[in-house]
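Q: Just so we're aligned, residue 1 is where the sequence shown starts under UniProt numbering, counting upward by one.
Note that the Cβ used here is the ideal one computed from N, Cα and C, for glycine as well.
Only a predicted model underlies this, so the values are computations on that prediction, with no experimental measurement involved.
Below are the structure tokens for one structure; questions will follow.
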Amino acid sequence: MSQTYAVILAAGQGTRMKSNKHKVLHPIGGKPMIEHIVRSMEQLGVDKIVVVVGYGAESVRRYLGDRVHYAMQQEPLGTGHAVRQAEEHLKGLPGSTLVINGDNPLITVETYRDFVRDFADKGVAASMLTAVVDNPTGYGRVLRSHAGDVERVVEEKDASEEERKVREINTGTFCFDNSKLFDALKKVNNDNAQGEYYLPDTLRVLRKQGHRIRAYRVRDASETVGINNRIQLAEAEAIWRKRVLERHMLEGVTIVDPNHTYIETDVEIGRDTTILPGTVLRGNTVIGENCIIGPNADIRDCRIADGVTVEHSTLRESRVGSQSTVGPYAYVRPNSSIGERVKIGDFVEVKNAVIGTGTKVSHLSYIGDADLGESVNVGCGAVTVNYDGERKWRTVVGDRSFIGCNANLIAPVHIGRDTYIAAGSTITDDIPDDAFAIARERQTTKPEYAKKLRAKKANGGGKK
Numbered sequence: 001m002s003q004t005y006a007v008i009l010a011a012g013q014g015t016r017m018k019s020n021k022h023k024v025l026h027p028i029g030g031k032p033m034i035e036h037i038v039r040s041m042e043q044l045g046v047d048k049i050v051v052v053v054g055y056g057a058e059s060v061r062r063y064l065g066d067r068v069h070y071a072m073q074q075e076p077l078g079t080g081h082a083v084r085q086a087e088e089h090l091k092g093l094p095g096s097t098l099v100i101n102g103d104n105p106l107i108t109v110e111t112y113r114d115f116v117r118d119f120a121d122k123g124v125a126a127s128m129l130t131a132v133v134d135n136p137t138g139y140g141r142v143l144r145s146h147a148g149d150v151e152r153v154v155e156e157k158d159a160s161e162e163e164r165k166v167r168e169i170n171t172g173t174f175c176f177d178n179s180k181l182f183d184a185l186k187k188v189n190n191d192n193a194q195g196e197y198y199l200p201d202t203l204r205v206l207r208k209q210g211h212r213i214r215a216y217r218v219r220d221a222s223e224t225v226g227i228n229n230r231i232q233l234a235e236a237e238a239i240w241r242k243r244v245l246e247r248h249m250l251e252g253v254t255i256v257d258p259n260h261t262y263i264e265t266d267v268e269i270g271r272d273t274t275i276l277p278g279t280v281l282r283g284n285t286v287i288g289e290n291c292i293i294g295p296n297a298d299i300r301d302c303r304i305a306d307g308v309t310v311e312h313s314t315l316r317e318s319r320v321g322s323q324s325t326v327g328p329y330a331y332v333r334p335n336s337s338i339g340e341r342v343k344i345g346d347f348v349e350v351k352n353a354v355i356g357t358g359t360k361v362s363h364l365s366y367i368g369d370a371d372l373g374e375s376v377n378v379g380c381g382a383v384t385v386n387y388d389g390e391r392k393w394r395t396v397v398g399d400r401s402f403i404g405c406n407a408n409l410i411a412p413v414h415i416g417r418d419t420y421i422a423a424g425s426t427i428t429d430d431i432p433d434d435a436f437a438i439a440r441e442r443q444t445t446k447p448e449y450a451k452k453l454r455a456k457k458a459n460g461g462g463k464k
């Protein structure tokens with residue numbers, strides 16, 4: 001591919017989104033829509049990316065950083081005026097320039113590659129990406145000559161009744177001979193209903209100069225969906241989600257109900273894993289092979305090894321070793337590392353903890369700021385008491401120890417290997433290896449006393 005540049009238009013305020021967030025930073029598939037476009041350009045291998053910013057410029061700069069160059073559009077005077085602001089970065093460079101709207105995140109890198117290749121093969125001055133849609137409302141219409149050549153693009157506000165019937169639309173994506181682009185832009189006027197400088201008017205200028213203009217029709221019109229409001233955002237999200245789910249299914253993942261499964265862009269899933277309904281997989285989550293995830297699992301930024309089952313549970317920024325089970329109704333909070341063949345059962349919360357191989361925490365427990373060794377058994381209701389009101393302290397439990405039901409381990413405390421802690425104990429001191437610890441009041445039993453209580457109640461409850 002010859003030298004290619006990209007200009008991404010991201011200066012608009014996006015008032016129809018009714019949002020304090022810049023429009024191009026609204027997420028699709030868990031990533032800001034402009035991220036998808038920049039990634040496509042990076043994958044395409046363009047030589048320079050220029051993002052035209054205006055309203056909310058700093059938020060766009062903060063997100064993209066130095067991955068791109070920036071041009072500032074001080075006043076919103078139209079798409080043609082916006083592209084002119086990129087002249088300082090691109091004027092005089094040989095090659096072609098893609099111009100892309102920042103709210104068109106669904107165009108695939110394959111489509112961009114075919115579009116650029118077609119432009120180069122035909123040797124034209126400009127080409128536009130078009131689509132034929134059932135409802136062209138809101139889009140500029142592509143007007144062709146009887147011979148099929150593109151004559152011009154008319155914006156809907158300026159279109160006649162007959163022109164509005166045309167179903168071939170301007171998607172807002174163009175490719176120009178960079179040596180001709182900026183001179184043509186200077187000849188565009190703002191004689192239209194909006195008083196703006198429209199980028200498509202450069203096509204008319206180039207035609208008058210005797211240059212050929214081409215249109216490349218995208219195969220899948222859904223790629224060209226633009227996003228101007230929350231309804232279109234949801235429509236674009238649905239299209240993106242379908243793509244992601246189909247990609248995983250084609251790679252050997254079973255998704256039982258795609259209509260009720262949400263998987264973000266960067267999630268990786270191994271083959272023969274089954275995703276059950278209601279599951280949400282987000283961020284940089286990586287899931288191994290032969291797992292069962294769901295129903296109703298919510299996992300973000302986790303690494304799940306092979307053969308893991310997660311049911312009705314929430315996991316955040318943690319690791320789970322192979323053949324382990326989590327749930328139902330467990331909560332694994334950030335910075336937790338769960339070993340192989342571990343059981344994290346119902347209503348168990350784990351936070352900033354290391355759980356060793358073969359350990360079982362089966363019911364109603366809180367394990368926070370703790371290091372549990374291998375083959376530890378934690379009884380129902382046992383908790384690590386990690387916070388003294390000022391600082392968090394760690395609990396360490398050695399291999400093969402048994403923690404009885406409703407035991408409280410008051411951190412900082414170290415429980416040795418092969419120890420046994422009696423149910424109901426509150427442990428405040430370290431326990432050596434192979435020891436037994438009990439820390440609770442001795443039981444008092446009063447024979448026949450229950451009869452006295454019943455008699456007292458029957459006689460009116462005693463003193464009044």
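Which residues in the same chain as residue 435 place their Cβ atom closer than 8 Å to its Cβ, once the five residues preceding and following it in sequence are excluded?
A: Same-chain partners within the cutoff: 416, 419, 420.
Q: Spatial neighbours of residue 464 within its chain, please: CB distance less than 6 Å, with the 5 preceding and 5 following residues excluded, ordered by chain position.
A: Bear in mind that the predicted position of residue 464 carries a pLDDT of just 47, short of 50, making it too unreliable to give a figure here.
Q: May I ask which residues mark the beginning and end of the alpha helix (DSSP H) holding residue 80?
A: Run containing residue 80: 79-84, per the alpha helix (DSSP H) assignment.
Q: Spell out a yes or no on whether the region 148-159 and the region 217-232 are touching, meaning 3 or more CB-CB pairs, one atom from each, closer than 8 Å.
A: Because the criterion of three Cβ pairs below 8 Å is not met, the region 148-159 and the region 217-232 do not touch.
Q: Let me know the secondary structure DSSP gives residue 133 once reduced to three states.
A: Three-state result, residue 133: coil.
Q: So if DSSP puts residue 32 in a beta bridge, which residue, or which two residues, is it bridged to?
A: The partner list for residue 32 (beta bridge, DSSP) reads 27.
Q: Can you find the residues in the same chain that come closer than 7 Å, C-beta to C-beta, to residue 451, ignoring five residues on each side of it along the sequence?
A: So no residue of the chain qualifies.
Q: For the alpha helix (DSSP H) containing residue 114, list its first residue and its last residue.
A: Note, residue 114: alpha helix (DSSP H), 109-122.
Q: Between 337, 162, 437, which lies nearest to residue 143 when the distance is taken from Cα to Cα?
A: Checked all of 337, 162, 437; the closest Cα to residue 143 is 162.
Q: Are the beta-carbon atoms belonging to residue 101 and residue 140 less than 8 Å from one another?
A: The answer is no: Cβ separation not under 8 Å.
Q: Enumerate in chain order the residues of its own chain whose CB-to-CB distance from residue 107 is below 6 Å, with the five nearest sequence positions on each side excluded.
A: Within the same chain, residue 107 has close Cβ partners 223.
Q: So residue 50 and residue 69 are in contact, right, with Cβ under 8 Å, and what is the actual spacing, rounded?
A: Going by Cβ atoms, the distance from residue 50 to residue 69 rounds to 5 Å, so yes, they are a contact pair.
Q: Run through DSSP, which three-state label would residue 288 get?
A: Coil.
Q: Tell me the DSSP secondary structure of residue 434 in three-state form.
A: Coil, per DSSP.
Q: With DSSP collapsed to three states, give me the class of residue 298.
A: In this structure, residue 298 counts as strand in the three-state DSSP scheme.
Q: Which partner residues does residue 337 have in the DSSP bridge list?
A: Answer is 319, 354, bridged to residue 337.
Q: What would DSSP say about residue 368, mapped onto helix, strand or coil?
A: In the structure shown, residue 368 sits in a strand (DSSP, three-state: E or B).
Q: DSSP on residue 88, reduced to helix/strand/coil?
A: Of the three classes helix, strand and coil, the one that applies to residue 88 here is helix, per DSSP.
Q: Opposite residue 101 in the DSSP bridges: which residues?
A: Note: residue 101 sits in a beta bridge opposite 9.
Q: Out of curiosity, what's the CA-to-CA distance linking residue 15 and residue 324?
A: Approximately 48 Å between the Cα atoms of the pair.
Q: Distance, Cα to Cα, residue 466 vs residue 292?
A: Any property of residue 466 remains undetermined from this structure, which presents the chain solely from 1 to 464.
Q: Can you look up residue 93 in the DSSP assignment and give me helix, strand or coil?
A: Three-state result, residue 93: coil.
Q: For residue 65, which of helix, strand or coil comes out of DSSP?
A: It is helical.
Q: Take every Cβ of the region 104-118, pair it with every Cβ of the region 186-204, and state whether three or more of those distances are shorter than 8 Å.
A: Contact between the region 104-118 and the region 186-204 is absent, because fewer than three Cβ pairs lie under 8 Å.
Q: Is the CB-CB distance between residue 52 and residue 7 below 8 Å?
A: A contact, by the Cβ cut-off of 8 Å.
Q: Would the region 88-100 and the region 171-182 be scored as touching if the rule is three or more Cβ pairs under 8 Å?
A: Output reads yes: the region 171-182 touches the region 88-100.
Q: Secondary structure at residue 331, three-state DSSP: helix, strand or coil?
A: Strand, per DSSP.
Q: Could you give the C-beta distance for residue 56 and residue 22, rounded to a whole number, given that I count them as a contact under 8 Å?
A: With a Cβ gap of about 4 Å, residue 56 and residue 22 count as contacting.
Q: Give me the DSSP bridge partner(s) of residue 128.
A: Paired residues: 174, 215.
Q: So the candidates are 83, 42, 46, 104; which of them puts its Cα closest to the Cα of residue 33?
A: Comparing Cα-Cα distances from residue 33 to each of 83, 42, 46, 104, the minimum goes to 104.
Q: Whole angstroms are fine: how far does the CA of residue 226 sit from the CA of residue 135?
A: Whole-angstrom Cα-Cα distance: 13 Å.
Q: Using a Cβ-Cβ cut-off of 8 Å (strictly less than) and excluding sequence neighbours within five positions of residue 132, which residues of its own chain qualify?
A: Here the set comprises 167, 168, 169, 217, 221.
Q: What does the alpha-carbon distance come out to for the pair residue 159 and residue 270?
A: Residue 159 and residue 270: Cα-Cα distance of roughly 51 Å.
Q: For residue 346, list the residues DSSP reports as bridge partners.
A: 363, per the DSSP bridge assignment.
Q: Determine the closest residue to residue 211 out of 275, 382, 123, 442, with distance taken between C-alpha atoms.
A: Residue 123 is the option with its Cα nearest to residue 211.
Q: Just to confirm before moving on: does the CB-CB distance between residue 423 and residue 407 stay below 8 Å?
A: Yes, these two residues count as a Cβ contact at 8 Å.
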